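S.K.: Last residue of the sequence shown? That's 315 in numbering that gives the first Met the number 0, and every number before it is there in order.
Glycine included, every Cβ here is placed at the ideal spot set by N, Cα and C.
Values in this document were obtained by computation on a predicted structure and should not be read as measured data.
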Amino acid sequence: MSLPKLKFRPLDGLLLLDKPQGMSSNAALQVARRLFRAEKGGHTGSLDPLATGLLPLCFGEATKIAGLLLGSRKAYDTVAVLGTTTDTDDAEGAALRQRPVPPLDRASVEAALAPLTGRIRQRAPIYSALKQGGEPLYTKARRGEVIEAPERDVEVHGIEILDIAPGRLSLRVECGSGTYVRSLVRDLGETLGCGAHVGVLRRLWVEPFREPRMFTLEALQALAAEGGEAALDACLLPIEAGLTGFPRVDVDAEGARRLGLGQRLPGQTPCEGPAAVHGPDGRILGLATVDPAGILSPQRLFTWTAKAALTVRGRQ
Numbered sequence: 000m001s002l003p004k005l006k007f008r009p010l011d012g013l014l015l016l017d018k019p020q021g022m023s024s025n026a027a028l029q030v031a032r033r034l035f036r037a038e039k040g041g042h043t044g045s046l047d048p049l050a051t052g053l054l055p056l057c058f059g060e061a062t063k064i065a066g067l068l069l070g071s072r073k074a075y076d077t078v079a080v081l082g083t084t085t086d087t088d089d090a091e092g093a094a095l096r097q098r099p100v101p102p103l104d105r106a107s108v109e110a111a112l113a114p115l116t117g118r119i120r121q122r123a124p125i126y127s128a129l130k131q132g133g134e135p136l137y138t139k140a141r142r143g144e145v146i147e148a149p150e151r152d153v154e155v156h157g158i159e160i161l162d163i164a165p166g167r168l169s170l171r172v173e174c175g176s177g178t179y180v181r182s183l184v185r186d187l188g189e190t191l192g193c194g195a196h197v198g199v200l201r202r203l204w205v206e207p208f209r210e211p212r213m214f215t216l217e218a219l220q221a222l223a224a225e226g227g228e229a230a231l232d233a234c235l236l237p238i239e240a241g242l243t244g245f246p247r248v249d250v251d252a253e254g255a256r257r258l259g260l261g262q263r264l265p266g267q268t269p270c271e272g273p274a275a276v277h278g279p280d281g282r283i284l285g286l287a288t289v290d291p292a293g294i295l296s297p298q299r300l301f302t303w304t305a306k307a308a309l310t311v312r313g314r315q
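#1: Please name the residue, chosen from L46, E60, P55, A27, that lies closest to P9 on a Cα-to-Cα basis.
#2: Kindly indicate which three-state DSSP category K139 falls into: helix, strand or coil?
#3: Let me confirm a value: S27 is counted as buried when at least 16 other C-beta atoms fall within 10 Å, else exposed. Which label applies?
#4: Secondary structure at I283, three-state DSSP: helix, strand or coil?
#5: Would you kindly work out how many angstroms separate the C-alpha atoms of T304 and V30, rounded to a whole number?
#6: How should P124 be labelled, buried or exposed, when 16 other C-beta atoms within 10 angstroms of its C-beta is the threshold for buried?
#7: Could you check the C-alpha separation between L14 and S45 for me, to the nearest Å?
#8: Whose C-beta lies closer than 6 Å to the C-beta of T190 among residues of the same chain, with five residues either side of it excluded?
#9: Relative to the C-alpha of P48, which candidate in L231, G175, D17 has its C-alpha closest?
#10: If you run the structure through DSSP and keep just helix, strand and coil, what is L46?
#11: Please state whether DSSP places K18 in a helix, a strand or coil.
#12: Using the C-alpha atoms, what's the distance from P211 back to P273?
#13: Count the CB pairs spanning the segment 94-110 and the segment 176-195 that are closer than 8 Å, and state whether there are at least three.
#14: Taking H196 as the reference, give the member of C57, G52, T77, F58 with the closest Cα.
#15: Straight-line CA distance for P237 to F245?
#16: Using the Cα positions of L183 and D162, report the straight-line distance between them to the nearest angstrom.
#17: Pairing CB atoms from the segment 246-261 with CB atoms from the segment 216-226, are three or more of them under 8 Å?
#18: Does the beta-carbon distance from T116 to G157 come in below 9 Å?
#19: Quick one: residues in its chain with C-beta nearer than 7 Å to the C-beta of L54, no 5 flanking neighbours on either side, listed in chain order?
#20: What residue range is occupied by the uninterrupted alpha helix (DSSP H) comprising A37?
#21: Using the C-alpha atoms, what's the distance from T302 back to Q20?
#22: In terms of alpha-carbon separation, which member of K4, R36, L5, M22 lies closest to A229?
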């Protein structure tokens, strides 16, 4: 006897998931999406299966801001295992080379970390989701193809030494979009002359969620069992929570209507660049850009903004 088909529902909001170790980001998303019965869902940048920690999930209209969160500043705690390099640059890969670990003190580790901070050129791991010829590098690597992983500019804001132990370094990394902690650890190991790979990786925060209240899948499943969907929905953040880093622009009812029709609004604000636009009731309407003359141009609106504008026009 087949189980009844799950009926999904419209649901908008952000979930700060504490991703479990051993699960891909997409697999974690799909478990959460089914638990919430969300019609539409996406995540804001993959975490490696080895990694745990903050994975912001976007449901419904929140998927429209996922790309903005992808480019945000992030922080990680990691443990670099010294003396062994692997083909994936982490503990899940096959060992490639083993070398003795030299005596290390804080001064020598700080000296090795110095070239890895600031604006640097970084080579991505060959086992990564970066695409080459329309295909992820990890797919090519699993087929045994010879891969020249791309290099790109990334920003590493700081690396803090948390602990130095025999064969292991505990580090806290704060970095910008596109930075691979696996690559940082790999390159650190080469600078130290012994090689290294990531043994533990946990993402602590992603802007604007600097002090996130995260939920594990187990906690969400328990909430669903105890309180149903109402208890689950209470875990969601509104879409506005993901846009707190943008200047806020408030418009009146007429401005909201015109914006929903795709029209530009003059003389709204002295700020320039992207802005989060709110209606007269405080509800987020969407994203817009402000030019030097203060003209507001809609860029990405949420469905309720356009629907409300069309409803008002239909009554006229």
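M.R.: The answer reads as follows:
#1: The alpha carbon of P9 has as its nearest neighbour, out of L46, E60, P55, A27, the alpha carbon of E60.
#2: Only weak support exists for where K139 lies, its pLDDT of 48 falling under 50; the value from the coordinates is given anyway. Assigned with DSSP and collapsed to three states, K139 falls in helix.
#3: This sequence places Ala at residue 27; Ser is not what is there. Classification of A27: buried, given that the 10 Å Cβ count is 16 or more.
#4: Strand at I283.
#5: Cα-Cα distance, rounded: 30 Å.
#6: Taking a 10 Å sphere around the C-beta of P124, we find 16 or more other C-beta atoms and assign the residue as buried.
#7: Take the alpha-carbon of L14 and the one of S45: they are about 15 Å apart.
#8: The residues are A111.
#9: Considering only alpha carbons, the answer is D17.
#10: Coil.
#11: For K18, the secondary structure class from DSSP, reduced to helix, strand or coil, is strand.
#12: Each residue's CA atom was taken as its position, placing P273 and P211 some 24 Å apart.
#13: Yes: the two stretches touch, three or more of their Cβ pairs being nearer than 8 Å.
#14: Looking at C57, G52, T77, F58, the one whose alpha-carbon comes closest to that of H196 is T77.
#15: Straight-line spacing of the CA atoms in P237 and F245 works out to 15 Å.
#16: Whole-angstrom Cα-Cα distance: 17 Å.
#17: Put simply, the segment 246-261 does not touch the segment 216-226. Fewer than three CB pairs are less than 8 Å apart.
#18: A contact, by the Cβ cut-off of 9 Å.
#19: If we look at L54 and ignore the five residues flanking it on each side, its Cβ neighbours are L16, K18, S24, A27, H42, L46.
#20: In the DSSP assignment, A37 falls outside any alpha helix (DSSP H), carrying neither H nor E.
#21: Those two C-alpha atoms are separated by around 35 Å.
#22: The shortest C-alpha to C-alpha distance from A229 to any of K4, R36, L5, M22 is the one to R36.
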